[in-house]
Amino acid sequence: MAVRSRKTLPVENIETTLRGIGTRPMKSYGQNFLVNGQIADGIVECIPEKDLEHIIEVGPGLGILTERLLKRGAKVIAVEKDRLLCDYLKKKFHSGPKGYLEVINDDALHILDSMGERDHFIVSNLPFNISSSFTGRLLDSTRFIELKRNPFKGAVVMYQKEFAGRLISPCGSRNYGKLSVMFRTKMDFKHLFDVKKNMFHPQPRVDASVISYRPKEEFTKIPEDPEMFRKLVHVVFLNRRKKLKNALNPRSIGLDLDMDDIEWILEDMDVADRRPEQLDENLFMELSNKLSRLA
0 MAVRSRKTLP
10 VENIETTLRG
20 IGTRPMKSYG
30 QNFLVNGQIA
40 DGIVECIPEK
50 DLEHIIEVGP
60 GLGILTERLL
70 KRGAKVIAVE
80 KDRLLCDYLK
90 KKFHSGPKGY
100 LEVINDDALH
110 ILDSMGERDH
120 FIVSNLPFNI
130 SSSFTGRLLD
140 STRFIELKRN
150 PFKGAVVMYQ
160 KEFAGRLISP
170 CGSRNYGKLS
180 VMFRTKMDFK
190 HLFDVKKNMF
200 HPQPRVDASV
210 ISYRPKEEFT
220 KIPEDPEMFR
230 KLVHVVFLNR
240 RKKLKNALNP
250 RSIGLDLDMD
260 DIEWILEDMD
270 VADRRPEQLD
280 ENLFMELSNK
290 LSRLA
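So in numbering that gives the first Met the number 0 the end of the sequence shown lands on 294, straight run, no missing numbers.
1) Can you give me the C-alpha to C-alpha distance between residue 18 and residue 84, rounded to a whole angstrom?
2) Provide the residue span of the alpha helix (DSSP H) that contains residue 43, from first to last.
3) Quick check on DSSP: helix, strand or coil for residue 1?
4) Does the distance from the C-beta atom of residue 306 to that of residue 170 stay below 8 Å?
5) Quick one: residues in its chain with C-beta nearer than 6 Å to the C-beta of residue 288, no 5 flanking neighbours on either side, listed in chain order?
6) Keeping to the same chain, check which residues put their C-beta closer than 6 Å to that of residue 105; ignore five residues upstream and five downstream.
7) Can you give the Cα-Cα distance for residue 262 and residue 163, rounded to whole angstroms?
8) Going straight from the alpha carbon of residue 232 to that of residue 115, what length do you get?
9) How many angstroms separate the CA atom of residue 97 from the CA atom of residue 254?
10) Just how far apart, CA to CA, sit residue 59 and residue 30?
11) How about residue 243: is its Cβ closer than 7 Å to a heavy atom in the ligand SAM?
12) Please look up how many angstroms separate the CB atoms of residue 234 and residue 251, rounded, as I've assumed it's under 8 Å.
13) Give the DSSP-derived three-state secondary structure of residue 103 in the structure shown.
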């Protein structure tokens, strides 16, 4: 579903505000400011009430989401790389809506490492240029629930539409790949809506999609060796057009095994002649576990 609205801030207003701050949209920061109020409303309304106590907003920009979060009474830690925007947000919301706000001048990629065991729910109009690195870092920090309590409670994130498509692509689809497997292994998710590129300033070259997700409460299978699982998925998708029996060799995944051992497992699972995109996340998990046991 694409969200459309006339509640769009004039570009002149955005430019005037930025000039007043003494800055401009910075391509190196991936700054594309959301200017549509209905879309901002839609994003914030998707956040469960119970998660408003521990919001991490990544890349708040001029505060279009921040304002709505605070009006809902959220406790927000806003992480903004641009120092001038940090100063602007502190002044703008100094005596504003009823919620709590802390503004941190830092790189979004650092904040996940610093959260430790603190509960957190991510909200973001994520800069497109850090979509992959940020989501990868988030997945790496998300633990399987059987191993340890998970402080990451979920997210509502606006991604570049093409990236969002790869993230949630199902097994067998053209865009299904390493990222899809890792994401589907750990997350329950929902595609909320698409956003046209003219809802941003400056206007990016592509549309966006808003995705909500949270860690799975139950897992069909657990990787006995998480590092093995990551290596396996990475290696086979480097050769995604090859059948598994040709795409996989023991050295590439760090195993001291004969190729005969690999082929025996693949044949036993009836996947030797399948290509990587034909294995869902549970089959990848099963294959990883069997390889780990044999090693």
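Glycine included, each C-beta is placed from N, C-alpha and C at the ideal position. Just so we're clear, the structure is a prediction, and the values are computed from it rather than from any experiment.
Let me lay it out:
1) 11 Å
2) 36–44
3) In this prediction, residue 1 scores a pLDDT of 46, lower than 50, which makes its location untrustworthy; no coordinate-derived value is stated.
4) Because the chain here runs from 0 to 294, residue 306 falls outside it and cannot be looked at.
5) 223
6) 78
7) 34 Å
8) 27 Å
9) 56 Å
10) 10 Å
11) With respect to the ligand SAM, the structure offers nothing, as it holds no ligand at all.
12) 5 Å
13) strand
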